[in-house]
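One structure is given below, encoded as structure tokens.
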Amino acid sequence: MTDAAAAPERRIVVLGVGNLLWADEGFGVRCVEALGEGWDLPADVGLMDGGTLGLALVPLLLDTTHVLLFDAVAHRGEPGTLIVARDDEIPALMGGNKMSLHQVGMNDILASLELLNHKPAHFTVVGIKPVELADYGGSLTERVQSQIPDALQLGIDELRRWGVEVRERAGQPERDVVISALRQGLYESGRPAPDVACRRGDERFLAIRAAVEARGEKARGRRAGPRWRETHERTRPCLAPERCPGDAPADPDDQLRLIGMPTGLVRAARQAPADEELTAASRAVMNEVIADLQRRVTVPDAPPTRFSLHGLSEAEKATIADILGEGDVWAKVGLDNAYWRVVESVMAGIWRVESSTADGTQGEWIETGPVPAPILRAASELPRAEIQVPEQMPQGAMNAPALLHELQQRSRDYRPGAENHVVNFTLLPLTDVDAQVLTTVLGQVPLVIRSGGFGSSRVFATGLRHVWAVQFINGMGNVILDTLEIGNVPISVLAAREDFEDSAERLGEILQAFN
Numbered sequence: 003m004t005d006a007a008a009a010p011e012r013r014i015v016v017l018g019v020g021n022l023l024w025a026d027e028g029f030g031v032r033c034v035e036a037l038g039e040g041w042d043l044p045a046d047v048g049l050m051d052g053g054t055l056g057l058a059l060v061p062l063l064l065d066t067t068h069v070l071l072f073d074a075v076a077h078r079g080e081p082g083t084l085i086v087a088r089d090d091e092i093p094a095l096m097g098g099n100k101m102s103l104h105q106v107g108m109n110d111i112l113a114s115l116e117l118l119n120h121k122p123a124h125f126t127v128v129g130i131k132p133v134e135l136a137d138y139g140g141s142l143t144e145r146v147q148s149q150i151p152d153a154l155q156l157g158i159d160e161l162r163r164w165g166v167e168v169r170e171r172a173g174q175p176e177r178d179v180v181i182s183a184l185r186q187g188l189y190e191s192g193r194p195a196p197d198v199a200c201r202r203g204d205e206r207f208l209a210i211r212a213a214v215e216a217r218g219e220k221a222r223g224r225r226a227g228p229r230w231r232e233t234h235e236r237t238r239p240c241l242a243p244e245r246c247p248g249d250a251p252a253d254p255d256d257q258l259r260l261i262g263m264p265t266g267l268v269r270a271a272r273q274a275p276a277d278e279e280l281t282a283a284s285r286a287v288m289n290e291v292i293a294d295l296q297r298r299v300t301v302p303d304a305p306p307t308r309f310s311l312h313g314l315s316e317a318e319k320a321t322i323a324d325i326l327g328e329g330d331v332w333a334k335v336g337l338d339n340a341y342w343r344v345v346e347s348v349m350a351g352i353w354r355v356e357s358s359t360a361d362g363t364q365g366e367w368i369e370t371g372p373v374p375a376p377i378l379r380a381a382s383e384l385p386r387a388e389i390q391v392p393e394q395m396p397q398g399a400m401n402a403p404a405l406l407h408e409l410q411q412r413s414r415d416y417r418p419g420a421e422n423h424v425v426n427f428t429l430l431p432l433t434d435v436d437a438q439v440l441t442t443v444l445g446q447v448p449l450v451i452r453s454g455g456f457g458s459s460r461v462f463a464t465g466l467r468h469v470w471a472v473q474f475i476n477g478m479g480n481v482i483l484d485t486l487e488i489g490n491v492p493i494s495v496l497a498a499r500e501d502f503e504d505s506a507e508r509l510g511e512i513l514q515a516f517n
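Heads up: the sequence shown runs through residues 3 to 517, numbered per our numbering.
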């Protein structure tokens, strides 16, 4: 029996999934929007904006016989190229490099349908490899936008192969597939330019990155190696709707997304051969560090102390680096038109700090304190004192408005030395829309801290002063505790009085081994 003969019993869904606020991630939704605007379809063919609903789509697909899916997928082709996959080809296509929660959910949807004794007779994906995902609030790139007509033709050919009569039509759509406020024409007309919205980052900071990368192999010593260059990654835009002071990071693990985003914690290890001899100059620096740590036992909250390595040879610096090692806390900071890398040593409260500027100037020193100065300054100077809480929320937002107003008030009321306040998302009923609203409105500045040890965590400085996103990760790389912490710096990052005492003792023992 042909599909056409079975038409009275069929139910076809044309589904577009993706996030309209993440550039090319919105490809699938824009495809079904364009299909609804330009083509007439029979009554048994439904058009659906699936957004990022994931498993929530299962009930909507239970009685389907045919599913045509438009989506952005990470296939092996060049960015901006289309791909078609059918039936048994789909799990391999959708199970590769995931780009968002909805793509993970598509394989889960297929498995769930089978568990419920329902499997569409035909399931086809028309996908495109995205060019850009980091233009937050932006629309499709020109390359992906230009491919929509071809993508629609592939989908229409598939529908016709299933026996569906599809006719091109001019005029207004018969049905709104996308929420009217998010339809592409209206959305584009009200969207601020990238330089105003800071979607793509502050050009002053991006110029620094370009200059750092251009130096490449000209960088001196161990910085010339690939491990150093990996830390100067392509930056991502600030999520804040207002002017942002810097640029947010591009590493997916450094990108803030609230509520349960799977992640890994991998950092570039620093390897430097140690000199077999501790010179007098190197020992003098280490003795100064020990003395300051001992002082901090009685004044643990004193401002950070900086110890210059200027005048030391590369071999002496390598020896100090080997003595201190790399501990469980490290950070990336964009501040003062410079890129900063901060790594805590294996002895808590001792920090190694490196900076690179656009003109080629590089700096390296040691700091002692609860947290180093670049992090304190970035946390104080980069976020905004106020956020603009939208008057209208997208459909599906439940607790985001109340949370945003609470965070605004707690940010205003916070005073240095006060106890930090924690908002635990695992104890709150939040929808996916709530999470997207919080992430977008709060924004992110170029300050990300990560830690390992007994429990891995990621800390993001949001675009609102004193508000930090702190996420705790299990051994599988999944977020198990998602919080917002209001305070000067999250408690999990700070070195304590006991740390200073222990580190002074351990460092003294290490120096004795060089006698």
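Where a beta carbon is used, it is the ideal one built from N, C-alpha and C, also for glycine.
Residue i, DSSP secondary structure in three states
i, result
"leucine 483", "strand"
"glutamate 393", "coil"
"phenylalanine 125", "strand"
"leucine 70", "strand"
"serine 315", "coil"
"methionine 50", "strand"
"asparagine 426", "strand"
"valine 447", "strand"
"arginine 149", "A small correction: the amino acid at residue 149 is glutamine; arginine does not occupy that position in the sequence shown. If DSSP states are grouped into helix, strand and coil, glutamine 149 belongs with coil."
"valine 45", "It is worth fixing the name first, because residue 45 is alanine in this sequence and not valine. Coil at alanine 45, not helix or strand."
"alanine 498", "coil"
"threonine 359", "strand"
"alanine 323", "helix"
"serine 347", "coil"
"serine 453", "strand"
"arginine 285", "helix"
"glutamate 11", "helix"
"alanine 515", "coil"
"leucine 154", "helix"
"threonine 441", "helix"
"glutamate 35", "helix"
Beta-carbon proximity of residue i to residue j, cut-off 8 Å
i, j, result
"leucine 440", "leucine 466", "no"
"glycine 18", "glycine 30", "yes"
"leucine 161", "cysteine 33", "no"
"serine 458", "serine 494", "no"
"glutamate 328", "serine 284", "no"
"valine 424", "threonine 485", "yes"
"valine 168", "leucine 43", "yes"
"proline 396", "proline 306", "no"
"valine 335", "leucine 156", "no"
"isoleucine 322", "alanine 506", "no"
"leucine 280", "proline 372", "no"
"threonine 442", "leucine 23", "yes"
"leucine 326", "arginine 297", "no"
"valine 472", "leucine 409", "no"
"lysine 545", "glutamate 80", "The shown model of the chain, from 3 to 517, leaves out residue 545, and the question about it has no answer."
"leucine 337", "arginine 386", "no"
Same chain only: Cβ atoms within 6 Å of residue i, ignoring 5 sequence neighbours per side
i, result
"glutamate 503", "Val299"
"glycine 510", "Ile292"
CA-to-CA distance, residue j to residue i, given in whole angstroms
i, j, result
"histidine 120", "phenylalanine 72", "21 Å"
"arginine 308", "glycine 365", "12 Å"
"valine 345", "threonine 464", "21 Å"
"leucine 384", "aspartate 330", "25 Å"
"isoleucine 150", "aspartate 434", "27 Å"
"leucine 314", "alanine 286", "11 Å"
"leucine 432", "isoleucine 111", "22 Å"
"alanine 271", "valine 75", "With a pLDDT of 42 at alanine 271, under the threshold of 50, the modelled position of this residue cannot be trusted, and the question is left open."
"phenylalanine 462", "proline 376", "15 Å"
"threonine 54", "arginine 499", "46 Å"
"isoleucine 451", "valine 491", "11 Å"
"valine 166", "leucine 444", "46 Å"
"glutamine 438", "glutamate 144", "25 Å"
"glutamine 411", "proline 302", "29 Å"
"alanine 420", "aspartate 501", "21 Å"
Own chain partners of residue i with C-beta closer than 8 Å, once the 5 adjacent residues on each side are dropped
i, result
"proline 122", "Leu63, Thr66, Thr67, His68, Val69 and Leu115"
"arginine 508", "Met349"
Cβ-Cβ separation, residue j to residue i (assumed contact under 8 Å), whole Å
i, j, result
"glutamine 460", "isoleucine 475", "A quick correction: the sequence has arginine, not glutamine, at residue 460. Confirmed, Cβ separation roughly 7 Å."
"glycine 398", "threonine 370", "In fact, because the Cβ distance is near 48 Å, the residues do not count as touching under 8 Å."
"arginine 171", "tryptophan 41", "6 Å"
"glycine 20", "glutamate 27", "5 Å"
Close-in-space but distant-in-sequence residues of the same chain around residue i (CB under 7 Å, 5 per side omitted)
i, result
"aspartate 152", "Leu84"
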